[in-house]
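Visitor:
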Amino acid sequence: MESIKEIFKIGKGPSSSHTMGPKKAAEMFRDMCPGASSFNVTLYGSLAATGKGHLTDMALKEVLDDGTGQRLHIVWKPGTFLPQHPNGMRFRAYNAAGEMLCEKTYFSIGGGDISETGKIEHKEDVYPLSKMKDILGWCNDNNSYFWEYVARHEDSDIWDYLAERWEVMKDAIARGLEHEGVLPGGLNVRRKAYSYYQHARSYNSSMQRRGLLFAYALAVSEENAAGGTIVTAPTCGSCGVLPAVLYLFHTSYGVTEKKIVNAMATAGLIGALIKENASISGAEVGCQGEVGTACAMACAAATRLLGGTPPQIECAASMGMEHCLGLTCDPVCGLVQIPCIERNAIAAARAMDAAQYSLMSDGSHIVPFDTVIEAMKQTGHDLPSLYKETSEGGLANLVRNKR
Numbered sequence: 001m002e003s004i005k006e007i008f009k010i011g012k013g014p015s016s017s018h019t020m021g022p023k024k025a026a027e028m029f030r031d032m033c034p035g036a037s038s039f040n041v042t043l044y045g046s047l048a049a050t051g052k053g054h055l056t057d058m059a060l061k062e063v064l065d066d067g068t069g070q071r072l073h074i075v076w077k078p079g080t081f082l083p084q085h086p087n088g089m090r091f092r093a094y095n096a097a098g099e100m101l102c103e104k105t106y107f108s109i110g111g112g113d114i115s116e117t118g119k120i121e122h123k124e125d126v127y128p129l130s131k132m133k134d135i136l137g138w139c140n141d142n143n144s145y146f147w148e149y150v151a152r153h154e155d156s157d158i159w160d161y162l163a164e165r166w167e168v169m170k171d172a173i174a175r176g177l178e179h180e181g182v183l184p185g186g187l188n189v190r191r192k193a194y195s196y197y198q199h200a201r202s203y204n205s206s207m208q209r210r211g212l213l214f215a216y217a218l219a220v221s222e223e224n225a226a227g228g229t230i231v232t233a234p235t236c237g238s239c240g241v242l243p244a245v246l247y248l249f250h251t252s253y254g255v256t257e258k259k260i261v262n263a264m265a266t267a268g269l270i271g272a273l274i275k276e277n278a279s280i281s282g283a284e285v286g287c288q289g290e291v292g293t294a295c296a297m298a299c300a301a302a303t304r305l306l307g308g309t310p311p312q313i314e315c316a317a318s319m320g321m322e323h324c325l326g327l328t329c330d331p332v333c334g335l336v337q338i339p340c341i342e343r344n345a346i347a348a349a350r351a352m353d354a355a356q357y358s359l360m361s362d363g364s365h366i367v368p369f370d371t372v373i374e375a376m377k378q379t380g381h382d383l384p385s386l387y388k389e390t391s392e393g394g395l396a397n398l399v400r401n402k403r
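In full-length UniProt numbering, the protein residues as written are 1 to 403.
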């Protein structure tokens, strides 16, 4: 199983698979064909269906266009899916005479990752174990926590790596609480983070903390929707869940930076397990792979910060994903706004609830984490494509028809 560094990437929104991924693919192709005079990019499936709302074309132009609008031609094929993965893109480069120099097909497989096969291509296996039951066994045998398992197998720079991403998460919350106005894209969605933050401060005790949690999640998700800099956790569309939970613990419960980073390691391990055994791509398995994974990660982090044992952490993470099974990806107008932004806030609250629920038990439960993830993968494959980031079904379809 690969490093948890692949779960936490710094990038610009609104979508890791539709913005960060295509930009990375364009950079790879540009470097492969340095003498090209022009480019043609064909987008397939989900990338074509919701690419404009996710700023896919802008990401490609940033890399391949020269500002004239003549160097890059984009072809949209929303009804055509390449068999390897729903997020396919074919690049072609031409010389000044119009002769094709090179051609390459890439797939954006979620979390900003690019693949030439449509499947996860590990840079290197960092972890010898890739199932929760085996990692739980290691923790039991070594009387250790999940973050100590991470420390055992990652490079020594992992803590600096996570600390840097924690700073970016905090910055995103600060910017999101400061910014107001209407988000771009045409839906006229107003930013709510600042308003929620101010309302929360007027409440007492638990109501205040819940309101602040909502505000923090909204802040990050709204920054993402506006194309701001965020950290994938594990994707752009679900980037508000984990930071909100961590920031609440840091500011309202006085948890130290060191403990926060340890909790990030725990969350990253959960994300890596899901990515390894199922998917974090909304185009492949629906929003259960994005917000569902983010919720499971936040459940694990919260339980760890509340002093939970590995079995209790596993229980909470299982619960977080279990109650997101079947969650569809049907963004209205192809924008990462409705229902995505509010979904981040609700998932953050669910994570806190799951942590408390698991802490009241000894961590034992009937359906283990590995089985829940297997069910998520199967459910995702059974979902029709119109519920997997194409904006052809569900809320997206109904709202479009009514508008």
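We put the CB at the ideal spot given by N, CA and C, even for glycine.
Can you tell which of 343, 32, 95, 27 has its C-alpha closest to the C-alpha of residue 60?
Guide: Residue 60 sits at position 60 when you count from the first residue of the sequence shown. Comparing Cα-Cα distances from residue 60 to each of 343, 32, 95, 27, the minimum goes to 27.
Visitor: Is it the case that the stretch 127–144 contacts the stretch 236–251, given that we only count it when at least three CB pairs across the two stretches are under 8 Å?
Guide: Contact fails: fewer than three Cβ-Cβ distances are below 8 Å.
Visitor: Quick one: what does DSSP say residue 85 is sitting in, helix, strand or coil?
Guide: Locating residue 85 in the sequence shown gives position 85, counting from the first residue. Residue 85: coil per DSSP, three-state reduction.
Visitor: Please look up how many angstroms separate the CB atoms of residue 191 and residue 179, rounded, as I've assumed it's under 8 Å.
Guide: One-based indexing of the sequence shown puts residue 191 at position 191. One-based indexing of the sequence shown puts residue 179 at position 179. Right, their Cβ atoms sit about 6 Å apart.
Visitor: Should residue 366 go down as buried or exposed, given a rule of 16 or more other Cβ atoms within 10 Å for buried?
Guide: The residue given as residue 366 occupies position 366 in the sequence shown. Exposed, because fewer than 16 other Cβ atoms sit within 10 Å of the Cβ of residue 366.
Visitor: Mind the definition here: the stretch 348–360 touches the stretch 46–65 only if three or more C-beta pairs lie below 8 Å; say whether that holds.
Guide: Contact between the stretch 348–360 and the stretch 46–65 is absent, because fewer than three Cβ pairs lie under 8 Å.
Visitor: Measuring alpha carbon to alpha carbon, tell me which of 127, 291, 278 ends up nearest residue 371.
Guide: For the purposes of this step, residue 371 is taken as residue 371 along the sequence shown, with counting starting at 1. For the residues 127, 291, 278, the minimum Cα distance to residue 371 belongs to 278.
Visitor: Would you mind sorting residue 99 into buried or exposed? The rule is 16 or more other CB atoms within 10 Å of its CB.
Guide: Residue 99 sits at position 99 when you count from the first residue of the sequence shown. Classification for residue 99: exposed.
Visitor: In whole angstroms, give me the CA-to-CA distance for residue 34 and residue 111.
Guide: On the sequence shown, residue 34 is found 34 positions in, with the first residue counted as 1. On the sequence shown, residue 111 is found 111 positions in, with the first residue counted as 1. Their Cα atoms are separated by approximately 27 Å.
Visitor: Just verifying my parser: in three-state terms, what is the DSSP assignment at residue 79?
Guide: Taking the first residue of the sequence shown as position 1, residue 79 is located at position 79. Residue state, collapsed to three classes: coil.
Visitor: Ends of the beta strand (DSSP E) at residue 115?
Guide: For the purposes of this step, residue 115 is taken as residue 115 along the sequence shown, with counting starting at 1. Counting along the chain, the beta strand (DSSP E) containing residue 115 begins and ends at 113–115.
Visitor: For residue 219, which option in 234, 197, 208, 232 has the closest C-alpha, if you only look at C-alpha atoms?
Guide: In the sequence shown, residue 219 corresponds to position 219, counting from 1. The option with the nearest alpha carbon to residue 219 is 197.
Visitor: Around the C-beta of residue 83, are 16 or more other C-beta atoms found within 10 angstroms, so that it is buried, or is it exposed?
Guide: Stepping through the sequence shown from its first residue, residue 83 is reached at position 83. That one is exposed.
Visitor: Are the beta-carbon atoms belonging to residue 335 and residue 146 less than 8 Å from one another?
Guide: One-based indexing of the sequence shown puts residue 335 at position 335. One-based indexing of the sequence shown puts residue 146 at position 146. Going by C-beta atoms, residue 335 is not nearer than 8 Å to residue 146.
Visitor: Does the stretch 393–401 touch the stretch 151–166, meaning 3 or more C-beta pairs lie closer than 8 Å?
Guide: no
Visitor: Just checking, does the stretch 335–345 make contact with the stretch 296–312 on the three C-beta pairs under 8 Å criterion?
Guide: no
Visitor: For residue 316 versus residue 308, is the C-beta spacing smaller than 8 Å?
Guide: Locating residue 316 in the sequence shown gives position 316, counting from the first residue. Locating residue 308 in the sequence shown gives position 308, counting from the first residue. When the beta-carbon positions are compared, residue 316 and residue 308 come within less than 8 Å of each other.
Visitor: On a CA-only basis, which of 90, 92, 37, 53 is nearest residue 70? Give me that one, please.
Guide: For this step, residue 70 is matched to residue 70 along the sequence shown. Nearest of 90, 92, 37, 53 to residue 70, Cα basis: 37.
Visitor: Using a Cβ-Cβ cut-off of 8 Å (strictly less than) and excluding sequence neighbours within five positions of residue 101, which residues of its own chain qualify?
Guide: As a first step, residue 101 is located in the sequence shown; it is residue number 101 there, counting from the start. Answer for residue 101: 33, 35, 36, 93, 94, 95, listed in chain order.
Visitor: Under 6 Å Cβ to Cβ from residue 194, same chain only, skipping five residues before and after it: list those, please.
Guide: Along the sequence shown, one-based indexing puts residue 194 at 194. These residues qualify, in order along the chain: 177, 180.
Visitor: Could you name each continuous beta strand (DSSP E) segment of 3 residues or more that falls completely within the stretch 135–212, going from the start of the chain to the end?
Guide: none
Visitor: Taking residue 54 and residue 14 to be in contact with their CB atoms under 8 Å, please state how far apart those CB atoms are, rounded to whole angstroms.
Guide: Position 54 of the sequence shown, counted from the start, is the residue given in the question as residue 54. Position 14 of the sequence shown, counted from the start, is the residue given in the question as residue 14. At roughly 6 Å, the Cβ-Cβ gap stays under 8 Å, so residue 54 and residue 14 are in contact.
Visitor: Residues in the same chain with beta-carbon distance under 7 Å from residue 242, minus the five sequence neighbours each way, listed in chain order, please.
Guide: Within the sequence shown, residue 242 is the residue found at index 242, counting from 1. Contacts found: 233, 267, 294, 297, 298, 301.
Visitor: Excluding the 5 residues preceding and the 5 following residue 203 in the sequence, name in chain order all residues of the same chain whose CB lies nearer than 7 Å to its CB.
Guide: Residue mapping note: residue 203 aligns to position 203 of the sequence shown, counting from 1. Within the same chain, residue 203 has close Cβ partners 211.
Visitor: So, helix, strand or coil for residue 215, using DSSP?
Guide: Taking the sequence shown and counting its residues from 1, the one referred to as residue 215 is at position 215. Looking at residue 215 - three-state DSSP - the assignment turns out to be helix.
Visitor: Which residues mark the beginning and the end of the beta strand (DSSP E) in which residue 102 is found?
Guide: Locating residue 102 in the sequence shown gives position 102, where the first residue counts as 1. Run containing residue 102: 100–110, per the beta strand (DSSP E) assignment.
Visitor: Could you tell me the distance, in whole angstroms, from the CA atom of residue 151 to the CA atom of residue 377?
Guide: As a first step, residue 151 is located in the sequence shown; it is residue number 151 there, counting from the start. As a first step, residue 377 is located in the sequence shown; it is residue number 377 there, counting from the start. Rounded to whole angstroms, residue 151 to residue 377 spans 28 Å at the Cα level.
Visitor: Hey, is the stretch 8–24 in contact with the stretch 243–257, meaning 3+ C-beta pairs nearer than 8 Å?
Guide: By the criterion of at least three beta-carbon pairs nearer than 8 Å, the stretch 8–24 is not in contact with the stretch 243–257.
Visitor: From residue 404 to residue 97, what does the alpha carbon distance come to, in whole angstroms?
Guide: Only positions 1 to 403 of the chain appear in this structure, which leaves residue 404 out of reach.
Visitor: Find out if the Cβ-Cβ distance for the pair residue 183, residue 338 is shorter than 8 Å.
Guide: On the sequence shown, position 183 is the one that residue 183 refers to. On the sequence shown, position 338 is the one that residue 338 refers to. The answer is no: Cβ separation not under 8 Å.
Visitor: Return the CA-CA distance between residue 134 and residue 65, expressed in angstroms with no decimal places.
Guide: Stepping through the sequence shown from its first residue, residue 134 is reached at position 134. Stepping through the sequence shown from its first residue, residue 65 is reached at position 65. For residue 134 and residue 65, the distance between alpha carbons rounds to 48 Å.
Visitor: Report buried or exposed for residue 174, applying the criterion of at least 16 other Cβ atoms within 10 angstroms of its Cβ.
Guide: As a position in the sequence shown, residue 174 is number 174, starting the count at 1. So residue 174 ends up on the exposed side.
Visitor: If you reduce the DSSP assignment to three classes, tell me which class residue 94 lands in.
Guide: Taking the first residue of the sequence shown as 1, we reach residue 94 at position 94. Of the three classes helix, strand and coil, the one that applies to residue 94 here is strand, per DSSP.
Visitor: Do residue 231 and residue 169 have their C-beta atoms closer together than 8 Å?
Guide: Residue mapping note: residue 231 aligns to position 231 of the sequence shown, counting from 1. Residue mapping note: residue 169 aligns to position 169 of the sequence shown, counting from 1. If you check the CB distance, residue 231 and residue 169 come in under 8 Å.
Visitor: Less than 8 Å between the beta carbons of residue 333 and residue 185, yes or no?
Guide: Locating residue 333 in the sequence shown gives position 333, counting from the first residue. Locating residue 185 in the sequence shown gives position 185, counting from the first residue. Closer than 8 Å, so yes.
Visitor: Please state whether DSSP places residue 427 in a helix, a strand or coil.
Guide: With the chain covering 1 to 403 only, the question about residue 427 has no answer from this structure.
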